[in-house]
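Protein chains: 4
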Amino acid sequence: MFFASDNAGPVHPKIMQALTEANQGYAMPYGNDALTAQVRDQIRTLFQAPQAEVHLVTTGTAANSLALATYCQPWQTVFCATHAHIHEDECNAPEFYMGGAKLTLVPTDDKMTADALRTSIEGEETRGLHGPQRGPISVTTVTERGAVYSLTELAALTAVARDYKLPVHLDGARLANAIAALGCSPAEMTWQSGVDILSFGGTKNGCMGVEAVVLFDPTKSWELELRRKRAAHLMSKHRYLSAQMNAYLTDNLWLQTARAANTNCSRLAKGLGDLPNVTISNKPQANIIFADMSRATHQRLHAAGAEYYVLAGDHTKGAPDEMLPARLVCDWSITAAQIDRFLSLAKG
Amino acid sequence: MFFASDNAGPVHPKIMQALTEANQGYAMPYGNDALTAQVRDQIRTLFQAPQAEVHLVTTGTAANSLALATYCQPWQTVFCATHAHIHEDECNAPEFYMGGAKLTLVPTDDKMTADALRTSIEGEETRGLHGPQRGPISVTTVTERGAVYSLTELAALTAVARDYKLPVHLDGARLANAIAALGCSPAEMTWQSGVDILSFGGTKNGCMGVEAVVLFDPTKSWELELRRKRAAHLMSKHRYLSAQMNAYLTDNLWLQTARAANTNCSRLAKGLGDLPNVTISNKPQANIIFADMSRATHQRLHAAGAEYYVLAGDHTKGAPDEMLPARLVCDWSITAAQIDRFLSLAKG
Amino acid sequence: MFFASDNAGPVHPKIMQALTEANQGYAMPYGNDALTAQVRDQIRTLFQAPQAEVHLVTTGTAANSLALATYCQPWQTVFCATHAHIHEDECNAPEFYMGGAKLTLVPTDDKMTADALRTSIEGEETRGLHGPQRGPISVTTVTERGAVYSLTELAALTAVARDYKLPVHLDGARLANAIAALGCSPAEMTWQSGVDILSFGGTKNGCMGVEAVVLFDPTKSWELELRRKRAAHLMSKHRYLSAQMNAYLTDNLWLQTARAANTNCSRLAKGLGDLPNVTISNKPQANIIFADMSRATHQRLHAAGAEYYVLAGDHTKGAPDEMLPARLVCDWSITAAQIDRFLSLAKG
Amino acid sequence: MFFASDNAGPVHPKIMQALTEANQGYAMPYGNDALTAQVRDQIRTLFQAPQAEVHLVTTGTAANSLALATYCQPWQTVFCATHAHIHEDECNAPEFYMGGAKLTLVPTDDKMTADALRTSIEGEETRGLHGPQRGPISVTTVTERGAVYSLTELAALTAVARDYKLPVHLDGARLANAIAALGCSPAEMTWQSGVDILSFGGTKNGCMGVEAVVLFDPTKSWELELRRKRAAHLMSKHRYLSAQMNAYLTDNLWLQTARAANTNCSRLAKGLGDLPNVTISNKPQANIIFADMSRATHQRLHAAGAEYYVLAGDHTKGAPDEMLPARLVCDWSITAAQIDRFLSLAKG
């Protein structure tokens with residue numbers, strides 16, 4: 007009953023198998039192997055973007071930081087949501103990679119609105135060269151609160167960016183889950199919606215540790231390649247990154263695992279929603295839900311071995327009926343039986 | 007017949023197996039899993055350094071850059087050999103991580119001597135605050151030219167560092183090969199020789215992609231941890247780094263693979279040395295040799311599928327008897343049969 | 007009738023004279039001259055801080071950025087007010103100097119409150135090493151909105167900092183005006199209130215271009231000295247910085263010019279406050295006021311040659327009676343006649 | 007008898023007077039004043055470069071660092087002479103501004119040769135993306151050893167740069183002295199010789215503290231402007247920088263002071279050259295000479311109040327007849343009488 011994060015689950019067997027299969031003899035290092043070339047083509051095909059350039063790295067923070075640094079000058083500021091991962095969870099990695107650029111937090115509880123984005127952009131460059139200059143927009147879907155931007159919402163944001171001639175980065179650590187949720191195509195959610203550069207996640211969705219930076223405009227690809235090397239993120243035995251991504255993309259495994267995670271989450275949400283003693287506080291769209299449960303419930307669940315984060319308050323002591331919020335994340339590998347056991351325990 | 011680099015070979019089967027075994031259920035991310043704790047203890051035991059702190063990363067450049075940044079202020083300069091990997095092969099990653107510190111190249115064809123090091127150190131800080139300030143010494147063993155510092159040579163270097171109260175970093179991307187060559191203990195080659203911080207390589211010696219930064223003085227361990235995160239090198243599914251390192255350290259697999267590579271190289275060196283038309287230009291001590299062979303020989307070898315770097319000149323065209331230098335690297339996985347075939351082809 | 011900024015006024019005659027007097031023969035460069043030594047002592051005496059260390063630079067942004075970089079690690083965040091100069095008006099200079107640290111904006115219209123500061127601090131480091139780590143507090147007095155922290159308010163802020171063992175920086179670009187406003191001593195407003203490092207401004211208050219960074223704890227003075235050089239802010243003909251500061255401190259010229267500016271502002275505020283068609287929107291404490299006046303009034307003033315910033319809206323066209331906000335800054339050199347003329351024009 | 011440096015002399019009276027004259031009333035800050043506009047035009051006229059853009063800063067290190075950062079990516083390396091000021095005397099400021107780029111030292115005792123430059127350039131980018139990428143060439147004239155590049159030598163260097171499509175920076179902290187030495191035009195020594203961006207010094211040649219960065223190709227001027235602000239080098243009371251530069255350029259004062267310094271140095275060199283106990287070790291071309299004198303001579307000179315640097319050995323104790331090298335720099339303000347007294351003392 008593990009709902010703490012989707013980065014704690016196992017690697018999908020097909021991906022493990024791909025690693026084993028790639029482990030034959032010698033392969034040219036640093037991405038100069040055949041498997042890597044194949045992965046680039048797979049991504050171009052998947053995103054219907056024949057001109058796209060692709061660089062693989064091992065962490066989502068590296069993907070985001072490299073993408074932003076390539077599109078943001080050090081004297082600029084990135085526009086992102088208040089609770090963006092790049093702001094709250096990357097220990098200043100974007101600022102490090104960008105050489106000291108700033109993040110401007112567009113006020114929101116979760117998703118950015120186009121209006122709020124426009125207001126934030128208008129708020130910068132009002133002081134000539136004294137303030138930070140306007141830089142890229144960074145959007146995250148699935149958001150930190152489990153929401154998915156509709157294509158309309160996304161297009162509204164990128165339209166604002168275009169008004170100011172600002173580039174758009176999409177943090178898609180959970181892009182697969184978002185695509186599964188909307189049922190759209192990868193192209194629709196990215197470059198057709200106005201995205202210039204994408205962090206396309208694999209790690210949270212069944213891979214061991216691989217993320218792709220996808221440049222829909224290849225102009226800055228060589229710069230990003232040099233930035234990757236300079237950031238110590240060019241793997242020498244690169245074939246093992248490519249093997250993961252290759253298997254992930256083959257037969258749409260990425261979509262299957264994302265659907266599995268979303269379905270698991272749906273089952274959990276429905277089950278919890280039916281319980282009188284539980285309140286779900288977000289609208290579950292992908293694989294993350296937020297639920298308020300009583301301290302007694304939390305204690306019962308933890309005692310039975312459930313793992314997840316209680317976001318506020320100490321669930322180990324205090325009034326049994328006090329409601330405390332929790333975040334529950336489903337990965338692809340959790341079973342219906344585990345979910346049902348969790349529900350049964352939550353019911354009490 | 008692959009002699010281009012030891013970062014192009016396969017992962018050792020025991021390490022692949024360890025990855026498969028680690029792939030069960032959930033594990034806390036970011037190094038908060040049991041396997042990672044075990045690896046820390048294994049390294050402490052291996053290096054007889056109970057107080058040491060350990061951080062795993064995926065590339066040698068990351069290990070070096072984090073180690074140096076933790077010990078070097080941005081207004082200082084690192085003393086290293088002319089052909090150090092940190093200078094020639096890391097695309098300014100150390101400078102990036104260190105915030106713009108400098109590298110001072112201690113003149114040498116290969117190994118630094120204590121005298122040359124002292125002269126270089128004396129050459130800095132002669133101009134008060136105008137020049138760069140003296141920073142750490144960075145030593146590499148096995149060197150880029152295939153040499154191994156004797157313990158006496160190493161102690162002489164660190165004694166100079168101590169005279170100036172400067173810390174010592176050891177780039178041990180091939181430390182296993184160096185230890186195998188000398189037959190000393192890991193402790194003797196590191197902290198007992200005056201090393202403060204170590205990059206301990208796994209990737210070139212049978213792992214998929216894992217290097218350990220070992221701080222023998224744990225004081226700055228938390229700083230390094232934060233630097234690792236900020237550099238986007240904290241893996242979320244960290245257990246897969248730890249699984250590699252765990253298997254690598256179990257039953258001294260690291261030493262076995264290093265010995266295998268060195269033995270292979272020895273066989274190759276002896277064989278080439280016996281050929282009248284080949285001149286070996288370094289003293290092979292570990293798993294790298296440099297050999298001069300005629301263009302015709304290079305052509306014959308390449309035509310037969312041998313892979314290695316010809317370091318100067320175009321081996322594909324020109325006078326057949328012109329001698330051209332080559333670098334030949336043996337990894338643990340090459341077979342005696344492959345070596346013998348190479349030798350037979352080289353003989354002509 | 008120049009009220010645009012206090013950085014546009016002339017240099018005080020005594021300071022110009024000091025520059026002329028310093029212009030005799032040779033003087034050792036880089037601060038190794040007698041005048042610089044004297045200035046250090048003057049500042050120690052003025053602040054009753056015999057152990058303090060002093061470094062002169064030419065801009066307030068340099069003073070702030072060096073001070074913050076010396077007290078903030080790149081993986082930390084600085085706590086400052088929403089509209090702090092270091093955030094809005096320094097084009098990412100603090101981030102550049104700090105190597106990519108972040109600024110956390112403590113929500114406020116102007117002055118930070120101790121409660122809001124505490125909440126902001128509590129909001130960081132809730133995510134272990136994933137988020138930015140807590141760094142220094144940076145307080146500005148006189149604030150960007152013309153307010154002065156009382157000693158009680160200042161002590162409350164630094165008490166919060168002390169609770170979290172965080173250092174305190176005071177941006178005192180207009181410290182002289184703040185001290186003149188409160189009538190306290192320089193020591194009371196700084197280290198006796200818990201300030202660790204100070205930017206002490208001269209430029210806006212009658213100097214040509216000189217600011218002092220004052221370290222009340224001298225431990226990091228050499229680091230700051232190296233940072234100053236590395237930032238290209240160590241003047242070779244340093245005596246001309248020292249000459250300014252020397253004259254500025256002699257016979258409390260700094261206090262006289264600050265009092266003059268405050269008095270001028272007081273006269274302006276009182277005059278405007280008496281006008282029925284003007285609303286003063288801040289509580290003028292030092293040399294900055296904010297006033298709402300009709301578009302017609304703005305047009306009349308500008309037509310007569312008055313210079314100041316209208317903060318929102320276009321004063322050149324639109325409804326004559328629409329009220330538009332303006333910022334009015336008085337420097338030491340403005341005359342009562344100029345103020346009275348402005349008032350007369352404002353009255354209409 | 008001050009020969010320690012040309013950055014220790016007084017400000018030329020005409021420049022002091024210009025500062026006084028500029029000190030009238032208000033002027034828009036940050037370079038938005040009439041005097042600054044005039045200075046830009048003066049420089050365009052002086053260099054016969056109507057399209058050039060100009061930015062003033064207070065130190066030569068700032069000028070160099072901003073110029074290089076604007077033309078060098080962080081993953082590149084700058085080619086400069088072994089003893090370039092940017093390498094030896096700026097405490098890593100260029101590396102800081104460039105975000106961690108490297109300097110490649112072209113081997114030389116003093117001036118770079120085109121051949122050595124070409125060899126150094128060829129030595130980089132031999133390792134694909136693993137090593138630093140080729141960046142700008144930085145040439146200094148007058149050199150640190152007092153030499154001046156002939157126009158032919160300069161053209162040969164920039165021709166090499168052009169072969170590799172690399173930009174050229176000229177560190178002209180003493181450009182005036184170099185131009186005075188050659189008798190050429192400013193245009194001939196800069197853009198007509200292939201220079202893209204120039205640090206044009208004022209401080210060492212009679213100004214208080216002002217250097218101009220001149221972009222002959224204005225494309226990156228706005229970037230440099232933002233970099234200047236971000237580096238805290240945009241002076242608010244900018245008119246006082248402009249006033250210096252305005253006077254410096256008026257009636258070719260810059261050339262007069264440079265000629266005076268060169269003439270003084272010539273007198274000194276000729277006088278010392280005539281002495282049997284002194285050996286001049288460079289070919290004096292501008293305002294710097296290097297001379298070997300006995301310890302007894304050094305002691306006699308210092309005892310009489312002469313100030314200059316003895317470059318090696320301790321002149322205060324040891325064998326009286328041991329020869330020790332000294333650097334002697336003449337600024338514009340030294341008098342013939344002072345030089346003659348120095349010569350008389352040197353003669354003994």
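So the protein lines, in turn, are chains A, B, C and D. Read left to right, the first sequence gives residues 7 to 354 (my numbering). Read left to right, the second sequence gives residues 7 to 354 (my numbering). Read left to right, the third sequence gives residues 7 to 354 (my numbering). Read left to right, the fourth sequence gives residues 7 to 354 (my numbering). For glycine and all other residues, C-beta sits at the position ideal for the given N, C-alpha and C.
Nearest Cα to leucine 135/D within the set Leu240/A, Gln79/A and Ala40/A: Leu240/A.
The residue among Pro290/B, Pro35/B and Pro56/B with its C-alpha nearest the C-alpha of tyrosine 314/A is Pro35/B. For valine 145/C, the enclosing beta strand (DSSP E) begins and ends at 139 to 146. For glycine 215/C, the CB contacts under 6 Å within the same chain, skipping 5 residues up- and downstream, are Thr64 and Thr209 in chain order. Interface with chain D (7 Å Cβ-Cβ cutoff): glycine 212/C is excluded. Nearest C-alpha to arginine 245/A among Ala120/A, Lys226/A, Asp39/A and Val174/A: Asp39/A. Not a single CB atom of chain D sits nearer than 7 Å to the CB of tryptophan 260/B. Among the residues of the stretch 241 to 257 of chain C, those with a Cβ less than 7 Å away from any Cβ of chain D are Met241, Ser242, Lys243 and Tyr246, in the order of the chain. Collapsing the DSSP output to three states places tyrosine 254/B in a helix. Contacts between tryptophan 338/C and chain B, judged by CB atoms closer than 7 Å, are missing: the closest CB pair is about 35 Å apart. Distance from the CA of phenylalanine 206/D to the CA of glutamate 217/D, rounded to the nearest whole angstrom, comes to 6 Å.
Taking a C-beta distance under 7 Å as the contact criterion, cysteine 271/D and cysteine 336/D qualify as a contact pair.
Around histidine 136/D, the beta-carbon contacts reaching into chain B at under 8 Å are Glu94, Asp95, Glu96 and Cys97. Remark: C-beta atoms of glycine 105/A and glycine 105/D approach each other more closely than 7 Å. Three or more beta-carbon pairs drawn from the stretch 143 to 162 of chain B and the stretch 180 to 194 of chain B are found closer than 8 Å, and the two stretches are therefore classed as touching.
The criterion of a C-beta distance shorter than 7 Å is not satisfied by alanine 73/B and valine 201/B. Under the DSSP assignment, aspartate 320/C falls outside any alpha helix (DSSP H); it carries neither an H nor an E label. Within 8 Å of the CB of tryptophan 197/B, no CB atom of chain C is found; the nearest one sits about 26 Å away. In the structure shown, lysine 108/D adopts extended strand secondary structure according to DSSP, grouped into three states. With contacts defined as CB atoms closer than 7 Å, glycine 66/C and alanine 179/C qualify as a contacting pair. Neighbours of arginine 133/C in chain A, taken as residues at a C-beta separation under 8 Å, are given in chain order as Glu94 and Asp95.
A residue is called buried when at least 16 other Cβ atoms come within 10 angstroms of its Cβ; lysine 243/D meets this threshold and is buried.
Not one beta carbon of chain A lies nearer than 7 Å to the beta carbon of leucine 109/D. Going by beta carbons, isoleucine 286/D and alanine 302/D fall outside the 7 Å limit. Isoleucine 295/D: member of the beta strand (DSSP E) spanning 294 to 300, first to last residue. Contact note: lysine 171/C does not reach chain B at a C-beta cutoff of 9 Å; the least C-beta distance is about 15 Å.
Interface flag for glycine 105/A against chain D is set, since a Cβ pair is found closer than 7 Å.
Residues Ala186 of the same chain have their beta carbon placed closer than 7 Å to that of arginine 265/C, with the five preceding and five following residues left out of the count.
Boundaries for phenylalanine 222/B: no alpha helix (DSSP H) harbours it, and the DSSP string shows neither H nor E there. Per DSSP, reduced to three states, the secondary structure at proline 19/C is helical. Under the three-state reduction of DSSP output, tyrosine 155/B falls in the coil class, being neither helix nor strand.
Assigned with DSSP and collapsed to three states, methionine 118/B falls in coil, not helix or strand. About 4 Å separates the beta carbon of leucine 247/B from that of leucine 62/B, a gap short enough to meet the 8 Å contact definition. Rounded to the nearest angstrom, the Cβ distance from tyrosine 170/D to isoleucine 21/D is 40 Å, too far for a contact under 8 Å.
Identification of chain B residues near valine 17/A by a Cβ-Cβ cut-off of 7 Å yields Asn29, ordered along the chain.
Contact note: proline 80/A reaches chain C through Asn98 and Phe102, using a C-beta cutoff of 7 Å and chain order.
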